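The end of the sequence shown is residue 428 by the numbering used here, with every number in the run present.
Just so it is clear, CB atoms sit at the ideal spot from N, CA and C, and this is done for glycine as well.
Everything numeric in this text was worked out from a predicted model, so none of it was measured.
Input: a single structure, listed below in structure tokens.
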Amino acid sequence: MGIETSCDETAAAVVEDGGVILSNQVASQVEIHARYGGVVPEVASRQHVLAAVPVIEQAMAEAGIGWGDLDGIAVTIGPGLAGSLLVGVNVAKALSLARSLPLAGVNHLEGHIYANWLNGGGVVFPVVCLIVSGGHSDLVLMRGHGDYVVVGRTRDDAAGEAFDKAARILGLGYPGGPAIERAARDGADCLKLPRAWLPGSYDFSFSGVKTALLRLEQGAKISSLADAAASFQAAVVEVLVTKTVAAAREYRVGSILLAGGVAANQCLRERLTQESPVPVLVPEPWLCTDNAAMIAAAGYYHLQAGRVDGPGLDVIPGLKLA
Ligand code: KG4
Ligand code: ZN
Numbered sequence: 107m108g109i110e111t112s113c114d115e116t117a118a119a120v121v122e123d124g125g126v127i128l129s130n131q132v133a134s135q136v137e138i139h140a141r142y143g144g145v146v147p148e149v150a151s152r153q154h155v156l157a158a159v160p161v162i163e164q165a166m167a168e169a170g171i172g173w174g175d176l177d178g179i180a181v182t183i184g185p186g187l188a189g190s191l192l193v194g195v196n197v198a199k200a201l202s203l204a205r206s207l208p209l210a211g212v213n214h215l216e217g218h219i220y221a222n223w224l225n226g227g228g229v230v231f232p233v234v235c236l237i238v239s240g241g242h243s244d245l246v247l248m249r250g251h252g253d254y255v256v257v258g259r260t261r262d263d264a265a266g267e268a269f270d271k272a273a274r275i276l277g278l279g280y281p282g283g284p285a286i287e288r289a290a291r292d293g294a295d296c297l298k299l300p301r302a303w304l305p306g307s308y309d310f311s312f313s314g315v316k317t318a319l320l321r322l323e324q325g326a327k328i329s330s331l332a333d334a335a336a337s338f339q340a341a342v343v344e345v346l347v348t349k350t351v352a353a354a355r356e357y358r359v360g361s362i363l364l365a366g367g368v369a370a371n372q373c374l375r376e377r378l379t380q381e382s383p384v385p386v387l388v389p390e391p392w393l394c395t396d397n398a399a400m401i402a403a404a405g406y407y408h409l410q411a412g413r414v415d416g417p418g419l420d421v422i423p424g425l426k427l428a
């Protein structure tokens, strides 16, 4: 069983052998936080307390198994909101003690990567993983299960954050990624927005392209929302794809993995697949956003490697991958 409460979704899932989803339940708090214009941490913690047990019971019911059929409990310990993480970790510890099940504390980003094992496999190590979400843009070299080297990361905004800010500038609403993608369908990359290449580094920077868009908007130089959205998306995707492909060549990888909420972006998926010298694995769109099946998959490989956590397991809100 996987349990995920790092931000504003309360999620529980049952996964068999690290790859077969038996159930995947997500209770979203998006509407509650929308009233405040963003996630309110104290409200999120209280919602997790209310939702955790029902969501876990639903995941068990959907899987159609009994408690005695579980082999372990995996739970997100970070990065995320401390109060939110604490709810999931304490429920997981209680279940682990009550049912004498081994416990695995999982990094949320590791979970996003392992969403790729829920596709039916095909991962050939070493791989480079591009993790692009609302909070992260990391390029990670993975040489085996649990073995991560972060080779590049954003120096300012995360890719998803940049999509959200660009959508706000253009008045396209929240969440910004899907809104930009929809608007971009009828547009062309004709605004010539800047790309931050940061030569010699696999790091990213997305604040410049966002500011360039803001200047154009302030100067009333945007005549087509569709062209603006398409130009912004093209600028972000071009940098992500070029650096990921360069890293794949340098490290002679067997496959490229996409992960995180921005991996749902069709333009990113298509361009990366076109330009990559090796197979590109991308989770189904509904497994790119926060869920507990990906946490269960990652936890399975922890337990396989004998990495069992005890009752002293604690949350680490600022947890890093490597
Ligand atoms: O992984 P995720 O669900 O939550 C975090 O852990 O951050 O990612 C959410 C982010 C948001 O910034 C959202 O705008 C972005 O992923 N996103 C997209 C798309 N769908 C979601 N960005 C671009 N294109 C999309 N289709
Ligand atoms: Zn996430």
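Next item on the list: Return yes when the C-beta of S190 is under 7 Å from any heavy atom of the ligand KG4, and no when it is not.
Entry: The sequence position of residue 190 within the sequence shown is 84, counting from 1. Taking the Cβ of S190 as the reference point, every heavy atom of the ligand KG4 lies at 7 Å or farther away.
Notebook entry, point to check: Can a CB atom of chain D be found closer than 8 Å to the CB of A165?
Noted result: In summary, chain D is missing from the structure at hand, where a single protein chain is found.
Next item on the list: For the stretch 329–403, list the beta strand (DSSP E) runs that are entirely contained and at least 3 residues long, ordered along the chain.
Entry: List check, beta strand (DSSP E) in window: 361–365.
Note to self: Does the stretch 352–365 come into contact with the stretch 222–232, if we say contact requires no fewer than three beta-carbon pairs (one atom in each stretch) closer than 8 Å?
What the structure shows: The answer is yes - the stretch 222–232 touches the stretch 352–365, with three or more Cβ pairs under 8 Å.
Notebook entry, point to check: Using the rule of at least 16 other Cβ atoms within 10 Å of the residue's Cβ for burial, across every protein chain shown, is C296 buried or exposed?
Noted result: Taking the first residue of the sequence shown as position 1, residue 296 is located at position 190. Counting of Cβ neighbours within 10 angstroms places C296 among the exposed residues, the total staying below 16.
Check: How would you label V136, buried or exposed, when you count the other beta carbons within 10 angstroms and need 16 or more for buried?
Finding: Numbered from 1 along the sequence shown, position 30 holds the residue referred to as residue 136. Looking at its Cβ environment, which holds fewer than 16 other Cβ atoms inside 10 Å, V136 is exposed.
Notebook entry, point to check: Going straight from the alpha carbon of H218 to that of L203, what length do you get?
Noted result: The residue labelled residue 218 in the question sits at position 112 within the sequence shown. The residue labelled residue 203 in the question sits at position 97 within the sequence shown. H218 and L203: Cα-Cα distance of roughly 27 Å.
Checklist line | Environment of V238 [buried if 16+ CB atoms lie within 10 Å] | finding: Sequence index remark: in the sequence shown, residue 238 carries index 132 (1-based). Counting of Cβ neighbours within 10 angstroms places V238 among the buried residues, the total reaching 16 or more.
Next item on the list: In the DSSP assignment, find the unbroken alpha helix (DSSP H) run with Y220 in it and report its ends.
Entry: Numbered from 1 along the sequence shown, position 114 holds the residue referred to as residue 220. Residues 214–220.
Next item on the list: Please report how far the alpha carbon of A398 lies from the alpha carbon of A335, in whole angstroms.
Entry: In the sequence shown, residue 398 corresponds to position 292, counting from 1. In the sequence shown, residue 335 corresponds to position 229, counting from 1. Here the alpha carbon of A398 sits roughly 32 Å from the alpha carbon of A335.
Next item on the list: Determine the direct distance from the alpha carbon of L176 to that of C373, and round the result to whole angstroms.
Entry: Start at 1 with the first residue of the sequence shown, and residue 373 comes out as number 267. Start at 1 with the first residue of the sequence shown, and residue 176 comes out as number 70. If I take the Cα positions, the gap works out to 39 Å.
Notebook entry, point to check: Does any heavy atom of the ligand KG4 sit closer than 7 Å to the C-beta of F312?
Noted result: The residue given as residue 312 occupies position 206 in the sequence shown. Within 7 Å of the C-beta of F312 there is not a single heavy atom belonging to the ligand KG4.
Check: Residue ranges of each alpha helix (DSSP H) run of no fewer than 4 residues wholly in the stretch 223–276, ordered along the chain?
Finding: The qualifying runs are 265–275.
Next item on the list: Any chance you could list the alpha helix (DSSP H) runs of at least 4 consecutive residues sitting entirely within the stretch 121–154, in chain order?
Entry: Listed in chain order, they are 136–140.
Check: Within 10 angstroms of its Cβ, does R377 collect 16 or more other Cβ (buried), or is it exposed?
Finding: Working through the sequence shown from its first residue, we reach residue 377 at position 271. Around the beta-carbon of R377, 16 or more other beta-carbon atoms lie within 10 Å, marking it buried.
Next item on the list: Determine the extent of the beta strand (DSSP E) in which T182 is found, giving its start and end residues.
Entry: Looking up residue 182 in the sequence shown gives position 76. Its beta strand (DSSP E) spans residues 179–184.
Item checked: Whether I171 touches Q153 by CB criterion (8 Å) -> The sequence position of residue 171 within the sequence shown is 65, counting from 1. The sequence position of residue 153 within the sequence shown is 47, counting from 1. Between I171 and Q153, the C-beta gap is not smaller than 8 Å, which leaves the two residues out of contact.
Notebook entry, point to check: Does the beta-carbon distance from L425 to G240 come in below 8 Å?
Noted result: Locating residue 425 in the sequence shown gives position 319, where the first residue counts as 1. Locating residue 240 in the sequence shown gives position 134, where the first residue counts as 1. Taking the C-beta atoms as reference points, G240 is found no nearer than 8 Å to L425.
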